[in-house]
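Residue numbers (the working numbering): 36 to 367. Cβ atoms here follow ideal geometry from the backbone N, Cα and C, with glycine treated the same way. Small disclaimer: the values here were computed from a predicted structure and weren't measured. Right, one structure below, let's go through it.
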């Protein structure tokens, strides 16, 4: 038998059912009709059947081509040459209204080719979502924007409920795993900046396991995340998407994932999701955060507070939302 871990059969706990079902088919058609992308498809997420079958998805802004070349990621790399769909914020809002979602995750490819790396497009999308539904809970999973405070602040000031940015792996492996422009220290800086700009904004990060990390390195990563005030952490098994990508060095057992959850819980993280098939935008974590966000909004007596001026976003009726969607379709 080969000693190459990637050529070994996957353990039983990594068996994944193929995408199927009515909800999956309808969502796929809606996305294609609107020319929208999801990280579920582009990153070959193992949970696509579970999430799409339940009518949820993580929308990916600014196309399907990333300007970075991380060695773990299945999203294609290239130069989009500054092209961007200016109608995308409206399209995403329409798609979400059709799906009837209450909690959404918005991510994007890296767009180093754009003047502000796409941060303004991110903020506009959040604003458009809130215009359609002020009660919608929004999580963003962003690039690092080279650690630029102004670009990061654009998104924080748009008031997503959760700001996620992934550390991905331990510091020693980061140069091997990630694009050279995406450093371990820069990720910590982004998460720290979010808390500095708005201490009440929930922050979240994710760690891939099975890339050659040692236990003491994972522990240090958790300490570093807590040091910058990270609220939520997820652990998941790295799976090699193609033969061109980094190989899996180890399949981590569910029992060890459970141990890491206990460790992170004891360190004071607000919530921890840990398991072989857990990914950053994972439904269990989203459902938990939905409860936390609703509780905070109830205690504050407000919805989707704008931190620029402390005023609440205006509310809208279902008929208002339906009419906006109808007008957008007529313009399409």
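Beta-carbon proximity of residue i to residue j, cut-off 8 Å
{"i": "residue 101", "j": "residue 212", "result": "no"}
{"i": "residue 225", "j": "residue 187", "result": "yes"}
{"i": "residue 103", "j": "residue 214", "result": "yes"}
{"i": "residue 25", "j": "residue 139", "result": "No information on residue 25 is available, as it lies outside the stretch 36 to 367 that the chain covers here."}
CB-CB length for residue i against residue j, believed under 8 Å
{"i": "residue 150", "j": "residue 173", "result": "Not really, about 24 Å apart at Cβ, beyond 8 Å."}
{"i": "residue 327", "j": "residue 256", "result": "That belief does not hold up - the Cβ atoms of residue 327 and residue 256 are roughly 23 Å apart, past 8 Å."}
{"i": "residue 109", "j": "residue 311", "result": "Actually they do not touch by this definition, with Cβ atoms about 18 Å apart."}
{"i": "residue 259", "j": "residue 223", "result": "6 Å"}
{"i": "residue 296", "j": "residue 307", "result": "5 Å"}
{"i": "residue 240", "j": "residue 200", "result": "6 Å"}
Boundaries of the beta strand (DSSP E) in which residue i is found, first to last residue
{"i": "residue 271", "result": "267 to 272"}
{"i": "residue 172", "result": "172 to 176"}
{"i": "residue 132", "result": "Looking at the DSSP string, residue 132 is not in any beta strand (DSSP E); the run it does join, the alpha helix (DSSP H), is 123 to 134."}
{"i": "residue 93", "result": "93 to 96"}
{"i": "residue 199", "result": "197 to 199"}
Distance cut-off 7 Å: residue i Cβ against heavy atoms of the ligand HEM
{"i": "residue 313", "result": "You won't find the ligand HEM in this model; it holds no ligand whatsoever."}
Cβ neighbours of residue i in the same chain (closer than 7 Å, five flanking residues each side left out)
{"i": "residue 30", "result": "The shown model of the chain, from 36 to 367, leaves out residue 30, and the question about it has no answer."}
{"i": "residue 228", "result": "184 and 187"}
{"i": "residue 359", "result": "Note on residue 359: pLDDT 38, under 50, position unreliable in the model; the coordinate value appears next. These residues qualify, in order along the chain: 167."}
Where the alpha helix (DSSP H) through residue i begins and ends
{"i": "residue 187", "result": "184 to 192"}
{"i": "residue 228", "result": "219 to 232"}
{"i": "residue 160", "result": "154 to 167"}
{"i": "residue 211", "result": "209 to 212"}
{"i": "residue 299", "result": "289 to 301"}
{"i": "residue 256", "result": "250 to 262"}
Residue of the options minimising C-alpha distance to residue i
{"i": "residue 233", "options": "221, 264 and 244", "result": "264"}
{"i": "residue 177", "options": "279, 161 and 325", "result": "161"}
{"i": "residue 28", "options": "298, 130 and 296", "result": "The structure shown does not extend to residue 28, since the chain is modelled only from 36 to 367, so the question has no answer here."}
{"i": "residue 111", "options": "146, 125 and 210", "result": "146"}
{"i": "residue 271", "options": "155, 249, 118 and 243", "result": "243"}
{"i": "residue 292", "options": "261, 309, 334 and 252", "result": "309"}
Close-in-space but distant-in-sequence residues of the same chain around residue i (CB under 6 Å, 5 per side omitted)
{"i": "residue 181", "result": "none"}
{"i": "residue 45", "result": "none"}
{"i": "residue 352", "result": "Reliability fails at residue 352, whose pLDDT of 38 lies under 50, so the model's placement of it is uncertain and the value that follows must be treated cautiously. Around residue 352: no qualifying Cβ."}
{"i": "residue 49", "result": "311"}
{"i": "residue 219", "result": "206 and 209"}
Nonlocal neighbours in the same chain, by C-beta distance under 8 Å from residue i, ignoring five residues either side
{"i": "residue 305", "result": "237, 266, 267 and 327"}
{"i": "residue 230", "result": "236, 238, 263 and 264"}
{"i": "residue 123", "result": "71, 96, 97, 156 and 160"}
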